[in-house]
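Chemist: Handing you this structure, nothing more for now.
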Amino acid sequence: MTSTTPKKRLTTSAMIASFADPGQRTTSAPFGHALNRLAEQRPEVVGLSADLAKYTDMHVFRDAHPDRFFQMGMAEQSLLGAAAGMAEVGLVPFASTYSVFATRRAYDFLCLDIAEPGLNVNVVGALPGLTTGYGPSHQATEDLAILRGCPGLTVVDPCDSVDIEQAVPALADHPGPTYLRLLRGAVPTVLDEYDYRFELGKAAELRTGRDVVLISTGLMTMRALQAAARLEADHVDVAVLHVPTVKPLDTEAILRAARTDRLVVTLENHTVVGGLAEAVASTLAFAGATTRVVPVALPDEFLAAGALPTLHDRYGLSTDAVVARVRAELGGATAPRWVSEPAPATA
Amino acid sequence: MTSLTTPTPTTPEAAPRTGDRAERIERIRRAAHRIRHNALDMGEVQGQGYIGQALGVADVLATVYTDQLRFRPEDPHWPDRDRFLLSIGHYAIALYAALAEAGTVPLEELETYGSDESRLPMSAMASYTPGVEISGGSLGHGLPVATGMALGLRHQGNGARVLNLLSDGELDEGSTWEAALACAHHGLDNVTAIVDVNALQADGPTAGVLRTEPVTDKWRAFGWHALRVDGNDVGALVDAFDELRAHRGSPSVLVCDTRIGCGVPLLESREKAHFMRVEEHEWQIARDQLEEGLPR
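Chains as they are written, first to last, in UniProt numbering: chain P, 1 to 347; chain G, 1 to 296.
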C-alpha cells in the first residue's frame, strides 16, 4: 500500500478475538459453556485439545471438568487418533484445534480413524474460512471442500452463539462423526431475534422475500440478514435461507427456494471451490433445475494477511460487499472486482 | 534375558498364563507352528503376499494370543477385553492366522482370505472381521488410537490393556512419535507397543530407506520402558512380556527382531521382499519344511 494518508490503519489484531461489528450483541465462549451444560447431563462427554484449549473456548470446559479434559499437545494427528480411541471405548469426545490443522494436517486421521468406523467424535475447528488475519497458515478457506468429500461426516457451519449453543447437544446426540466450524470468543448473538431453532440437517427460512433469495451458511447468514435489511430500504424484497448443516445438505429446502424466478445468491465464508455454492449448484443441476447461482464466496487463491474488516471488504464478505453484489446482479451492471481492487468500502 | 517369575495379575481376570515356564513356552511354540501353517494356507490362496512377515511375526502373535491377551473368542466386543491393535494392515494374514488359532475366526474361513465377499480382506479392517479392533493400513494410526483407548479405559476405571503391533517401517511416520509422547506424558502404563523389526520395508531394507536405529534408545528417550528381544525366541518373548506387564508408571515397548520367513528355510533364505512371490509348487515344500522344523 502506498497511501500516505495519516489516518491510522486497521491492524491485524482488530477482530482477533471476535468478528462482531462494533456495538453488536455478543455471547462469550458459547461453545465452552454449551459443552459444560452438556457434560452435566452426559458423563461420557470428554474434551481434548492440541495446545489450543484457550483459543477454542475449550478452556471453559477444561476448567469446569479438569478430569474430563485431555491435553494432547501440539500434535493434531495424535489428537484425532486419540479421540477415535476414546469413542471406541464408549466416550463421546469433542476434540478442538484450528480448522487448518484438523483438516489439512490431520485429515487422514479424521477420515480413517473417525469417519470410516462411523464413531461419535465431534471435531471442533476454530478460525474457519476468513476469520483471522494471519494469512494462509491459519485461514481454513478450503475446509468444507476437503470435508464434503468424506463419507458419513456431518459438517456444521453455525451462524452465531445461538446456533452453537443448540448445535453442541445435537452433535453429541448424533451417533456419527461431526465437524463444527467454531466461532470463538465474543460471538455475535443474532438468531434469537428470529423464530429459529437449530435442527441438524435442516435449513431454515429466516425471512421471506419476492425478489432475491440468499442461501447462506455460517457467519455469512449474519451478513445476509444485514444485507437483506439494507436492500429492503431500496424496496428490494430479499429472503434468507440459513443452511447451518453443509453436509448432509437439505436439498429439498434448497430446491424449494431456488425453483422460483428470484435471483439466487449463495453466501459462505469459504473458497468458491467445493463449498456451499458448488453444493447448491450441483443440487440444482442434478435435479434438472436451470437456475443460475451467484456465489458470494472467497476467491480461489491464498488470501492476504491483515485486518479482518479490510479483508472481508476486499474479498467480498462484508455486508457492503454483499449489498453491492446483489444490486449489481439486479441492475445488470458489472459486479465490482473485489479481488483485484482492494480499495475497501466504508464499513 | 534371565527368567522372571510370573507377576501377580492386577486385572480382574487373569490372562491364560498358567503352568510353568517350560509348559508355557511349549504351548506357545505349538500355537506359533499352527499360526504359520494357517498363514501358508492363506498365502497359497493368493499365490503371493505378505507371507514373509507373517512367518516372522508368528511367535510374537502366538505369545500374545495364547499367553498374554485377556479376551473372549466368542464375544469380541467384551468391554473388559485387552485390545490388540494391528496398525500394519498388511499383516492381516498373520492376524487372521492368529485369530483362527485363538478361536475368534473359524479355521475353515481362512481359505476365503482376500476373496470377494470375504470377511478377511488383504488389509485388516475392523468392520470386516471379528477380533480386529481397528482398520490399519495407513501407517502411523495404531499408536494414536491406542493412546485414546488407554486414556479412555483408565478414565472409566477399566483395567484392560491396549497392545499395538507396529513395524519398524512404521516408525517413519511422525504420528507414531506424537502418540509416543502422549503415552509417556499421560503415564499410560496400560499401553504396550510391540515393534516388529524385520529390517525391511516396501522400498528395501529399513537401513537404506530411512534409518530408524537405534530403535530402543529412541523409545527410552521418549519416556518408555523398553526391552529388545529376539522375536523368534519364544522363551525370551515370554520373559519380556511378563516383565512389561508388571511395569508401572510409564508405557512399555517390546522391540522384537524377527526373521522374514522364519520357520520355512526356503523362504527365510530367499531374497527379502516386502511382497514375496512364491511359486505354485513351493507351497507344499514350505509346509513340509515347517513340519520338519517343529520338533527342534
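Even for Gly, the Cβ is constructed at its ideal location relative to N, Cα and C.
Extract the residue ranges of the alpha helix (DSSP H) inside the region 39-124 of chain P, only unbroken runs of 4 or more that lie entirely within it.
Modeler: The qualifying runs are 58-64 and 76-88.
Chemist: How about G/HIS167: is its C-beta nearer than 9 Å to some C-beta of chain P?
Modeler: Here residue 167 of chain G is Ser; the residue named in the question, His, does not match the sequence. Output row for G/SER167: interface = no.
Chemist: Does the CB of G/ASN158 have a neighbour CB from chain P at under 9 Å?
Modeler: Closer than 9 Å to some Cβ of chain P, the Cβ of G/ASN158 qualifies, so yes.
Chemist: If we define contact as Cβ-Cβ less than 9 Å, is G/GLU13 a contact residue for chain P?
Modeler: Any reading at G/GLU13 must be qualified, since the residue scores a pLDDT of 43, below 50, and its modelled position is unreliable; the value itself is stated next. No, because no Cβ of chain P sits closer than 9 Å to the Cβ of G/GLU13.
Chemist: Helix, strand or coil for G/ARG228? Go by DSSP, reduced to three states.
Modeler: Strand.
Chemist: Alpha carbon to alpha carbon, how far is G/GLY136 from P/ALA227?
Modeler: Approximately 49 Å, taken between the alpha carbons.
Chemist: Count the CB pairs spanning the region 249-264 of chain G and the region 45-62 of chain G that are closer than 8 Å, and state whether there are at least three.
Modeler: A contact exists between the region 249-264 of chain G and the region 45-62 of chain G.
Chemist: In angstroms with no decimal places, state the Cα-to-Cα distance between P/ASP157 and P/THR245.
Modeler: Roughly 6 Å between the two C-alpha positions.
Chemist: Are there 16 or more other CB atoms within 10 angstroms of the CB of P/PRO30, so buried, or fewer, so exposed?
Modeler: P/PRO30 should be labelled buried.
Chemist: List the residues that DSSP assigns as beta-bridge partners of G/MET276.
Modeler: G/GLY49.
Chemist: Just the C-alpha distance for G/ALA221 and G/HIS155, rounded to the nearest angstrom, thanks.
Modeler: Using only the alpha carbons, I get a separation of about 26 Å.
Chemist: Please name the residues in the region 64-76 of chain P whose beta-carbon is closer than 7 Å to at least one beta-carbon of chain G, in chain order.
Modeler: Taking 7 Å as the Cβ-Cβ cut-off against chain G, the residues of the region 64-76 of chain P that qualify are PHE70, MET72, GLY73 and ALA75.
Chemist: Have a look at P/VAL294 and P/SER318 and give me their C-alpha separation to the nearest angstrom.
Modeler: Roughly 16 Å between the two C-alpha positions.
Chemist: Residues in the same chain with beta-carbon distance under 7 Å from G/GLN46, minus the five sequence neighbours each way, listed in chain order, please.
Modeler: So the qualifying residues of the chain are TYR113 and GLY114.
Chemist: Can you round the beta-carbon distance between P/HIS98 and P/HIS59 to whole angstroms, since I take them to be within the 8 Å contact cut?
Modeler: For the sequence presented, residue 98 of chain P should be read as Tyr rather than His. Actually they do not touch by this definition, with Cβ atoms about 15 Å apart.
Chemist: At a Cβ threshold of 9 Å, is G/GLU133 touching chain B?
Modeler: In the displayed structure, chain B is absent; the protein chains listed are P and G.
Chemist: Can you find at least 3 beta carbon pairs, one from the region 152-166 of chain G and one from the region 184-202 of chain G, that sit closer than 8 Å?
Modeler: In short, these stretches touch, since the Cβ pair count reaches three.
Chemist: Just how far apart, CA to CA, sit P/THR132 and P/ALA224?
Modeler: P/THR132 and P/ALA224: Cα-Cα distance of roughly 20 Å.
Chemist: Along chain G, which residues have their Cβ under 8 Å away from the Cβ of P/PRO151?
Modeler: Result: empty, since nearest Cβ-Cβ is about 13 Å, beyond 8 Å.
Chemist: If you count every other CB in all the chains shown that lies within 10 Å of the CB of G/PRO219, and 16 or more means buried, which is it?
Modeler: The question names Pro, but residue 219 of chain G is Trp in the sequence shown. It counts as buried.
Chemist: Just to confirm, are P/LEU91 and P/GLU44 a CB contact at a threshold of 9 Å?
Modeler: Taking 9 Å as the Cβ cut-off, P/LEU91 and P/GLU44 qualify as a contacting pair.
Chemist: Where P/THR141 and G/ASP41 are concerned, what is the direct C-alpha to C-alpha distance, given to the nearest angstrom?
Modeler: Rounded to the nearest angstrom, the two C-alpha atoms are 51 Å apart.
Chemist: In chain P, which residues lie less than 7 Å from G/GLY152 when you measure between Cβ atoms?
Modeler: Correct list: GLY85, MET86, VAL89 and LEU91.
Chemist: Alpha carbon to alpha carbon, how far is G/GLU213 from G/ASP168?
Modeler: Going by the C-alpha atoms only, they are around 9 Å apart.
Chemist: Identify each residue in the region 112-128 of chain G for which the Cβ-Cβ distance to at least one residue of chain P is less than 9 Å, and report them in chain order.
Modeler: Result list: MET125, ALA126 and SER127.
Chemist: To be precise: take each residue of the region 83-109 of chain G, compare its Cβ to all Cβ atoms of chain P, and keep it if any distance is under 7 Å. Which residues remain?
Modeler: So the list is empty, because no residue satisfies the distance condition.
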